Amino acid sequence: MRNEQVRSEKSEVRKGKKPRAARPEALSDFSLHTSHFVVPRLRFPEFRTESGWATIELRRVSAFVNERVGATSCTPYTVTSGVGLVSQQEKLGRTIAGNSLRNYVVLQKNDFAYNKSATKAFPQGFIARYVGDERAAVPNSIFTCFRTNEEAVDPTFLDNLFSTNLHGQWLRSRIAVGARAHGSLNVSDDDLMSLPVPVPQGESSLAEQQKIADCLTSLDEVIAAQGRKVEALKAHKRGLMQQLFPREGETRPRLRFPEFRDAPEWIPRPLDELAKRGSGHTPSKSHPEYYNGGIKWVSLADSKQLDSGFISETAVEISQKGIANSSAVLHPAGSVILCRDAGVGKSAVMKDSMAVSQHFMAWICDPAALSNWFLYYLFQLMKPIFEDVASGSTIKTIGFPFFKELKVVAPQLAEQHRIADCLSSLDAQITAESDQLAASKTHKQGLMQQLFPAPAEADT
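As structure tokens, then:
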């Protein structure tokens, strides 16, 4: 009976039809048609004496969703890889469905949508669960949608399995390299529905699934709350900076520390009067001896390290010979750097002596006139200005003449230090809370690896 059903489903796939969903089976029946009995490394006490886990094909507990929007009303959604389904309006700022909306597939709460677009994190595509209550719809051209039998598999349990890229590990060998159809991965419905899903065995299967789902949902809530805390701190910092520095054309900030409320107004001055300006160069790559000589060299490869205060490491190092035979210059620790193209406006403070490529400007602040950390935070605030000034058809760049004429507004040195210390303290708090957020995510990933069987065990 089982073999006849599978042959029938595959025949329908070859004819271009969506296969019919299998009859939902009792949880205790799974052992009749499953393989690879496994046990996860971590199991809740009440289930430790239960049967092991086994893999079942996705088709046994789900059915394709094919309902189209037609003339009804639906909110068009799209997917953000690693995040989930979000409305087109929220993600794109507008609705792009147009007249094609009538052909979108309708989703209801707990339906799954497989997006067949490859991303770096999910090269075999991303499966998202719809958790909203309103009628939603996704494009039928790049989404395959299915609905689970919730009497057999808990949707949240399955959603967490998909977040581990369970489907990607299964589909990896079933997608030809570069195989695409209409811009999406060429994944057959049969391969998707053949996905082996690890589930607990026996009558308590659903209860154990729900226990795991509840545990991971609680962790998700902790992670979400921590994420909101980090974002709130970042928003607070942005608002504080706008008040601690004068608005364009003004010489007095809206918010001033008590000890400086009677201090003189801030004075606009050319930055070149307050700091020594420099740049850098790229030593010839045809001379290997110019590289790997222990001198840190900031290049565009270090873009991700910028805007985080200190820069302490670089992707590439050059040698003393490289400096001697190029226009590269060794800038002292404490120099403030700014990217003038391909990441324009990003800045940092050198923790050690470093050289930079020609894509960067560097300033050595006069310690009697300008705090380097004050300049760093001023550059952070000025980032939109730098982005607006940059020009170019392919890569936008800020030319050297702009920096020669650049003026900054600064208070007396004591007030500069007070502002920099305040913002630096806030940055330290943001870093600590961000580290806590990362630790919570790592904890969840580690817990999932123990609550679910290892992928190799679940694969068939």
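Each residue of the sequence shown is one higher than the one before, counting from 0 in numbering that gives the first Met the number 0.
Quick reminder that beta carbons are idealized off the backbone N, C-alpha and C, glycines included.
Values in this document were obtained by computation on a predicted structure and should not be read as measured data.
Pairing Ala361 with Thr118, the inter-Cα distance amounts to about 36 Å. Bounds of the alpha helix (DSSP H) holding Gly238 are Ser204 to Leu243. The beta-bridge partner set that DSSP reports for Cys364 consists of Ala274. For Phe145, the uninterrupted beta strand (DSSP E) segment begins and ends at Phe142 to Thr147.
Of Ser187, Arg339, Pro154 and Glu207, the smallest CA-CA separation from Trp169 is found for Ser187. Just measuring C-alpha positions, the residue of Asp190, Leu273, Ser392 and Gly344 sitting nearest Pro383 is Gly344. Burial is judged here by how many other beta carbons sit within 10 angstroms of a residue's own beta carbon; Gly308 has at least 16 and is buried. Looking from the CA of Leu422, the closest CA among Arg59, Ser172 and Met240 belongs to Met240. Considered as a whole, the segment 62-136 harbours 87-91 as its complete alpha helix (DSSP H) runs of no fewer than 4 residues, in chain order. Following the DSSP letters along the chain, one finds Val388 inside the alpha helix (DSSP H) bounded by residues Lys382 to Val388. For Leu337, the enclosing beta strand (DSSP E) begins and ends at Val335 to Cys338. In the structure shown, the three-state DSSP call for Leu299 is helix. The way I'd put it, the segment 408-418 does touch the segment 360-378; three or more beta-carbon pairs between them come closer than 8 Å.
Between Arg146 and Asp110, the gap from beta carbon to beta carbon is short of 9 Å.
Taking a cut-off of 8 Å for Cβ pairs, the segment 281-299 and the segment 312-328 touch, as three or more such pairs fall below it.
In the three-state reduction of the DSSP assignment, Ala53 falls in the strand class, which pools E and B. Within the same chain, Ser318 and Lys320 come within 7 Å of Glu288 by CB-CB distance, once the 5 residues on both sides are set aside. Each residue's CA atom was taken as its position, placing Gly342 and Val78 some 26 Å apart. Under DSSP, Glu316 forms a beta bridge with Lys295.
The segment 325-332 and the segment 343-359 touch, with three or more beta-carbon pairs separated by less than 8 Å.
In this structure, Leu191 lies near Thr143, with their beta-carbon atoms less than 9 Å apart. In this chain, the beta strand (DSSP E) harbouring Ser346 covers Ser346 to Met349. Within the same chain, and ignoring the five residues on either side of Glu386 in sequence, the residues whose Cβ sits closer than 7 Å to its Cβ are Val343 and Gly344.
Ranked by Cα distance from Gln357, the options Asp420, Ser72, Arg276 and His416 are led by Arg276.
In the structure shown, Ala437 adopts helical secondary structure according to DSSP, grouped into three states.
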